[in-house]
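Protein chains in written order, with numbering that gives the first Met the number 0: chain A, 0 to 349; chain Z, 0 to 349. Note sheet for the following structure.
2 protein chains.
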Amino acid sequence: MAWDELNERKRTILKSIIDDYIESAQPVGSRTIAKKHELGLGSATIRNEMADLEELGYITQPHTSAGRIPSDKGYRFYVENLMQIHSLAREEIVIIRKAMDEKIEEINHLIKKASNIISNITGYTAVVMSPQLSRAVIKSVQLLAIDEKRLLVVVVAGGGIVHNRLIKHDSLIDESDIEKLNKTFNIIISGKTIDQISMPVLRELPRDINVPKEVIFPIFEAIEDCVRKIEATDFYIDGITNILNYPEFSNLMKAREVLDFLKEKDLIHQLVFEATKKQQLDFKIGSENEIDEMKDLSIITTVYGREGKDIGTIGVIGPTRMTYGKVVSSIKYIRELLNRELIKIFGDDL
Amino acid sequence: MAWDELNERKRTILKSIIDDYIESAQPVGSRTIAKKHELGLGSATIRNEMADLEELGYITQPHTSAGRIPSDKGYRFYVENLMQIHSLAREEIVIIRKAMDEKIEEINHLIKKASNIISNITGYTAVVMSPQLSRAVIKSVQLLAIDEKRLLVVVVAGGGIVHNRLIKHDSLIDESDIEKLNKTFNIIISGKTIDQISMPVLRELPRDINVPKEVIFPIFEAIEDCVRKIEATDFYIDGITNILNYPEFSNLMKAREVLDFLKEKDLIHQLVFEATKKQQLDFKIGSENEIDEMKDLSIITTVYGREGKDIGTIGVIGPTRMTYGKVVSSIKYIRELLNRELIKIFGDDL
DNA sequence: GTTAGCACTCTCGTTCAATGAGTGCTAATA
DNA sequence: TATTAGCACTCATTGAACGAGAGTGCTAAC
């Protein structure tokens, strides 16, 4: 795995093989390399080098008389040392800009749109995890009497996030009590971040208020519920069927298997969630994922958010034979856009 | 197409052919029919009848030495005259009940769940269009000052539907003006159904209120927006990849085509929306759909809602070789459950 | 009107040989 | 010593040939 396990020439050859294979999806032979990339080497020499590379585990042969294909180890070396990150084409940038141009005020729309763009640009499956907002500031908690039997609890957090919940009750409740409650709530809760709010404390507060327990309790529950919803990470996955475009999944059984797997939101969520703890850009190539269904897939993830505080994750899932260079540049580009929009939306509320 | 275009025997034979084909997905031959279904007829007789049925267009031959498969016309006759609607198995009812058992208060959850159940039970693709709520009653419109710069508009409709929208502004607004606005709104709007509210009238209302135009206007827009959201029909589609289970789509190209088509939410939405105007149970078989991609698919739809007022649509999309009988019973059953739940949620608010 | 029988058609799976891409090894070359 | 030309070998893929099997249509007999 070390850089100098391979000499200059071996590296060049390995890169050629992988580049070619990513493009063609066909095992690549020694002659192809000798011709296409002018290395000034004969095919026989390359064959020898390839034999070495195979012995070291960077490439494999599907069968004796076929060319070579990269192994997971090969891809790993490639993404760490060899690949070129070619910048996005002008048209692609235009497409992205245009898609992002719409004025978006709600954060979930933003996330959704981002995943959509990514899957379109890369042609693979995109996953986006919405911000984990345990640091979000609660702006306001309000109780509204809809009619005699119903109360609406509204919780507003920074970034224009609003959640609400309806409560049915059978008590007569005085307008003034509601106002009192609202005031109290706002004193204790507003301006705090979610992780600063302690629910037990909240529950102790009411003393001089004439609202029966049967109502107060559901109110607390509703508030907690709203806060939980704010804090909860949403999760979008887009372009699942894109994988059908790639020959490695032209076998229907395999395609089904992978599709079914990608539909398991929980699994994918977990996968992406793990990556949140990782560094900026994280690759999991083929069997580096413990999950069996992922053995022919790679996932590239990165975190987004304000510097220092990573709050969400975006990722791309595709075949191990993925255009890593392009995906990396796309994902980075989107990340920056996302960061910028987030600042616009949240301002200092994060 | 007429009932008596086919005599008793032809009908029986046609039914046998279709039943068999639905089960096996294989062209069915004369001997199979003669043996399986004890009609007391030899295969040669059946052959003759089949030739007639073919001439009349109810069945076709993929090639000379193969059995017969139903044509769209055949299926049409089948669903109108021949098919048996076999009731749901006990286990299936248990599954449905269990899934529906969760307490659901939000209508969109209900719809989502319904589509999920349908696709699970039938094994096909389910589409559910949420209620069109132009008859929904607006319960309350409320303005909330979140902080000095932001107002929250909350619109509550019957059935626990709540929508809100945040407004940013730069004016100083008095607490008492907000209260005045709230009162006025509730006088004019609350208790009315959406189609009774006329927006122009709404816009004329404020006279003695000290809120600048720059704020009033966005408020109206926000209210309109919320109302529009309430009225808008949501749309869920579930089990898209189910079609991969059926041999008619084992050809990857075809499968892709159909999958891509099903992902076109707009198209499907339109398809289902058209059905809303139709009678209780509507079938579109194969090429009866004008859309080319649907030529191998059928869609069965039905409307749900309170008697007289149909408000939403549920449907199942599958191969023309669909287990029509079973789908019909499932869809009917779910419809009843849905109707019941809707009454629970909306009460008299519809 | 029904059916047994038969010739005919067409698909499908299997076998077999030819093809071609690619390898590994060896011996010659620089 | 490193490179390469050459050659024998391997193996997947392709296409042709072929037989088996399923099913039909038609005819003649019941």
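For glycine and all other residues, C-beta sits at the position ideal for the given N, C-alpha and C. Bear in mind the structure is a predicted one, so any value in this text is a computation, not a measurement.
>> Going by beta-carbon coordinates alone, are N209/A and D173/A separated by less than 8 Å?
In response: yes
>> Can you confirm whether the segment 241 to 261 of chain Z touches the segment 210 to 223 of chain Z when touching is taken to mean that 3 or more C-beta pairs between the two stretches lie within less than 8 Å?
In response: no
> Taking Cβ-Cβ distances below 9 Å as the criterion, which residues of the segment 143 to 155 of chain A are in contact with chain Z?
Replying inline: L143, A144, I145, D146, R149, L151, V153 and V155
> For the candidate residues V271/Z, I290/Z and E289/Z, whose alpha-carbon lies nearest to that of D281/Z?
Replying inline: V271/Z
>> Assuming the contact rule is C-beta atoms closer than 8 Å, P26/A and R75/A should be a hit. Round their C-beta distance to whole Å, please.
In response: Going by Cβ atoms, the distance from P26/A to R75/A rounds to 19 Å, so no, they are not a contact pair.
>> Suppose contacts are defined by Cβ-Cβ distances below 8 Å. Is I310/A in contact with I117/A by that definition?
In response: no
> What residues in the segment 220 to 251 of chain Z have a beta carbon less than 7 Å from any beta carbon of chain A?
Replying inline: T240, L243, S249 and L251
>> Any beta carbon from chain A within less than 8 Å of N119/Z's own beta carbon?
In response: no
> From T121/A to S129/A, what distance separates their C-alpha atoms?
Replying inline: 20 Å
> Is S197/Z buried or exposed, if buried means 16 or more other CB atoms sit within 10 Å of its CB?
Replying inline: exposed
> By Cβ distance, which residues of its chain are closer than 6 Å to R30/A, with the 5 residues on each side in sequence left out?
Replying inline: S42
> Within the 8 Å Cβ cut-off, does V140/Z reach chain A?
Replying inline: no
>> Given 7 Å as the limit, tell me if E273/Z has its C-beta closer than that to any heavy atom belonging to the ligand GTP.
In response: Among the ligands in the structure shown, none appear at all, so the ligand GTP cannot be discussed.
> What is the residue span of the alpha helix (DSSP H) that T121/Z lies within?
Replying inline: I106 to T121
>> Once DSSP output is grouped into helix, strand and coil, what is the label at V210/Z?
In response: coil
> How would you call I186/A, buried or exposed, if buried means at least 16 neighbouring beta carbons within 10 angstroms?
Replying inline: exposed
> chain Z beta carbons: is any one of them nearer than 8 Å to that of R255/A?
Replying inline: yes
>> Comparing C-alpha positions only, which one of S64/A, K111/A and D291/A sits nearest to D237/A?
In response: K111/A
> Within 10 angstroms of its Cβ, does L171/A collect 16 or more other Cβ (buried), or is it exposed?
Replying inline: exposed
>> Rounding to the nearest angstrom, what Cα-Cα distance links G158/Z and V152/A in this structure?
In response: 16 Å
> Using a C-beta to C-beta distance shorter than 8 Å, which residues of chain A count as neighbours of G159/Z?
Replying inline: L165
>> Please confirm whether L258/Z has its beta-carbon closer than 8 Å to some beta-carbon of chain A.
In response: yes
>> DSSP has T192/A in a bridge; who is on the other side?
In response: V136/A
> With a Cβ-Cβ cutoff of 8 Å, do I188/Z and I229/Z count as a contact?
Replying inline: no
>> Quick check on D169/Z: does DSSP put it in helix, strand or coil?
In response: coil
> Between S297/Z and K34/Z, what straight-line distance do the alpha-carbon atoms span, to the nearest angstrom?
Replying inline: 30 Å
> Which residues, taken in chain order from the segment 262 to 290 of chain A, show a beta carbon closer than 9 Å to some beta carbon of chain Z?
Replying inline: K262
> Beta-carbon separation of I299/Z and L266/Z under 8 Å?
Replying inline: no
>> Can you check which of these residues, M252/Z, E90/Z, E22/Z and N6/Z, is closest to L362/Z by C-alpha distance?
In response: Given a span of 0 to 349 for chain Z in the structure shown, any question on residue 362/Z remains unanswerable.
> How should R134/Z be labelled, buried or exposed, when 16 other C-beta atoms within 10 angstroms of its C-beta is the threshold for buried?
Replying inline: buried
> On the three-state DSSP scale, how would you describe Y323/A?
Replying inline: helix
> Of the residues R227/Z, A125/Z and I218/Z, which one's Cα is nearest the Cα of I316/Z?
Replying inline: A125/Z
> Expressed to the nearest angstrom, what Euclidean distance is found between the alpha-carbon atoms of D233/A and G73/A?
Replying inline: 35 Å
>> Rounded to the nearest angstrom, what separates K253/Z and R255/A at their Cα positions?
In response: 14 Å
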